[in-house]
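A.B. asks: Pasting a structure here, questions to come.
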Amino acid sequence: MIGSIGIRELRDLSSQLPEKAAAGESFFLTKNGTALYYAIPVDQALMDHGSRLAIALNLYKNEALTMGQAAKLAELSIEEFMIEAGKAGIAVIDYDDDVPDSDITVWEQIRM
């Protein structure tokens, strides 16, 4: 989940920002509850693919966008976005706890 930091909180939390970036945390900077900026850490996806894809991957990973929305933001097809998410180590299928292990085994056999 993506957090937010108010402008007034920023001064008090500024010493924690390097730690948050190192942990891969992103956040919205807000003023009176309205988002002003979206801060994402500079990571390998940003360096390799540019900001549009990196932001889309980050928002998808943090469940702020659906896969379709993230693909649209990245200006990719859903299939292309799934491939990029996989390259970035982001799961594109989220198994629910109630999915039987047999279903997961079948899926793993199919994709091999």
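Numbers 3 to 114, taken from the numbering used here, label the letters of the sequence shown in order. All C-beta atoms in this analysis are idealised placements derived from N, C-alpha and C, irrespective of residue type, glycine included.
With distances taken Cα to Cα, identify the nearest neighbour of A76 among A66, G91, P43 and R54.
C.D. replies: When only C-alpha atoms are compared, the closest one is R54.
A.B. asks: Pick out whichever of K74, M69 and D50 has its Cα sitting closest to the Cα of A90.
C.D. replies: Out of K74, M69 and D50, D50 has the C-alpha closest to the C-alpha of A90.
A.B. asks: Alpha helix (DSSP H) containing G5: first to last residue?
C.D. replies: Counting along the chain, G5 falls outside any alpha helix (DSSP H), though it belongs to the beta strand (DSSP E) covering G5 to G8.
A.B. asks: For E86, count neighbouring C-beta atoms within 10 Å of its own C-beta (all shown protein chains included) and say buried if the count is 16 or more, exposed if not.
C.D. replies: With 16 or more Cβ atoms within 10 Å of its Cβ, E86 is classed as buried.
A.B. asks: Excluding the 5 residues preceding and the 5 following L15 in the sequence, name in chain order all residues of the same chain whose CB lies nearer than 7 angstroms to its CB.
C.D. replies: Closer than 7 angstroms at the Cβ level, and outside the excluded window around L15, lie I7.
A.B. asks: Which word fits E38, buried or exposed, when buried means at least 16 other C-beta atoms lie within 10 angstroms of its C-beta?
C.D. replies: One point to set straight first is that residue 38 is Leu, not Glu, in the sequence displayed. With fewer than 16 Cβ atoms within 10 Å of its Cβ, L38 is classed as exposed.
A.B. asks: Can you grab the Cα-Cα spacing for the pair E65 / I42, in whole Å?
C.D. replies: Taking the straight line from one Cα to the other gives about 14 angstroms.
A.B. asks: Label A72 either buried or exposed according to how many other C-beta atoms from any shown protein chain fall within 10 Å of its C-beta, with 16 as the threshold for buried.
C.D. replies: Classification of A72: buried, given that the 10 Å Cβ count is 16 or more.
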